[in-house]
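In this note's numbering, the protein residues as written are 65 to 250.
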């Protein structure tokens, strides 16, 4: 697992042996995702939910995001996440939070955080996307022209969204489907 673009291009990311607690994004999937959202990254404020070792959030920072919050509850994975942030020299830009993603989103204060890009990369086959989209929508954590990027197993049903945040695109890459959500236009 490595950073594929930007300042830290080619740098390896540390991860637990065996990937029992994480499901890293394959380089080709990550590259395709970032090609789609590339024009949104520079200067953005990013949230990486279910961050694991930080592959998506750290890729965004490497490509010019100005700030990134990385949230993961697994204490073993979290130590790798923190180490990756430090090894890449991104400690000034990134904040790591060792907490349940749902709990974090429910308790975050809108006055302090609004995001341009939200990555949601939960464990596969857990139907975890709908509650995250609902919390983000109800708390207005996504800026008006922001985007939510999710990864699910291709076998999972694609969530269409809620009243104000809807699915705008999805792409299949082998076993992985990447979904893009935005605020519904009036």
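Beta carbons: idealized from backbone N, C-alpha and C, even for Gly.
Exercise. If you drop the 5 nearest sequence neighbours on each side, which residues of the same chain put their C-beta closer than 6 Å to that of residue 111?
Worked result: Here residue 111 refers to the residue found at position 47 when the chain shown is read from its first residue. Taken in chain order, the residues that qualify are 133, 179 and 182.
For this session: Note the first and the last residue of the continuous alpha helix (DSSP H) segment covering residue 200.
Result: Sequence index remark: in the chain shown, residue 200 carries index 136 (1-based). Per DSSP, residue 200 belongs to the alpha helix (DSSP H) from 193 to 203.
For this session: State the start and end residues of the unbroken beta strand (DSSP E) segment that holds residue 245.
Result: For the purposes of this step, residue 245 is identified with residue 181 of the chain shown, where counting begins at 1. Here the beta strand (DSSP E) through residue 245 covers 240 to 247.
For this session: Apply the 10 Å Cβ neighbour rule to residue 204 and answer buried if 16 or more other Cβ atoms are within range, or exposed otherwise.
Result: Your numbering for residue 204 matches position 140 in the chain shown. Residue 204 should be labelled exposed.
Exercise. Within this structure, are the beta carbons of residue 127 and residue 74 separated by less than 8 Å?
Worked result: In the chain shown, the residue the question calls residue 127 occupies position 63. In the chain shown, the residue the question calls residue 74 occupies position 10. No, they are not a contact pair.
Problem set entry | Residue of 247, 249 and 235 minimising C-alpha distance to residue 95 | Reading the chain shown from its first residue, position 31 is the one you call residue 95. Ranking the options by Cα distance to residue 95, first place goes to 235.
Exercise. Which first and last residues belong to the alpha helix (DSSP H) in which residue 141 is found?
Worked result: Sequence index remark: in the chain shown, residue 141 carries index 77 (1-based). Looking at the DSSP string, the run of the alpha helix (DSSP H) that includes residue 141 is 139 to 151.
For this session: Please state whether DSSP places residue 74 in a helix, a strand or coil.
Result: For this step, residue 74 is matched to residue 10 along the chain shown. Here DSSP, grouped into helix, strand and coil, assigns residue 74 to coil.
Problem set entry | Beta-carbon gap between residue 247 and residue 220 smaller than 8 Å | By one-based count along the chain shown, residue 247 stands at place 183. By one-based count along the chain shown, residue 220 stands at place 156. Against a cut-off of 8 Å, the Cβ pair of residue 220 and residue 247 comes out as no contact.
Exercise. Do three or more CB pairs link the segment 183 to 193 to the segment 100 to 115 at distances below 8 Å?
Worked result: At 8 Å Cβ cutoff, the stretches touch.
Exercise. Is residue 223 helix, strand or coil by DSSP?
Worked result: The count along the chain shown starts at 1 and reaches residue 223 at position 159. DSSP, reduced to helix, strand and coil, places residue 223 outside both helices and strands of the structure shown, so it counts as coil.
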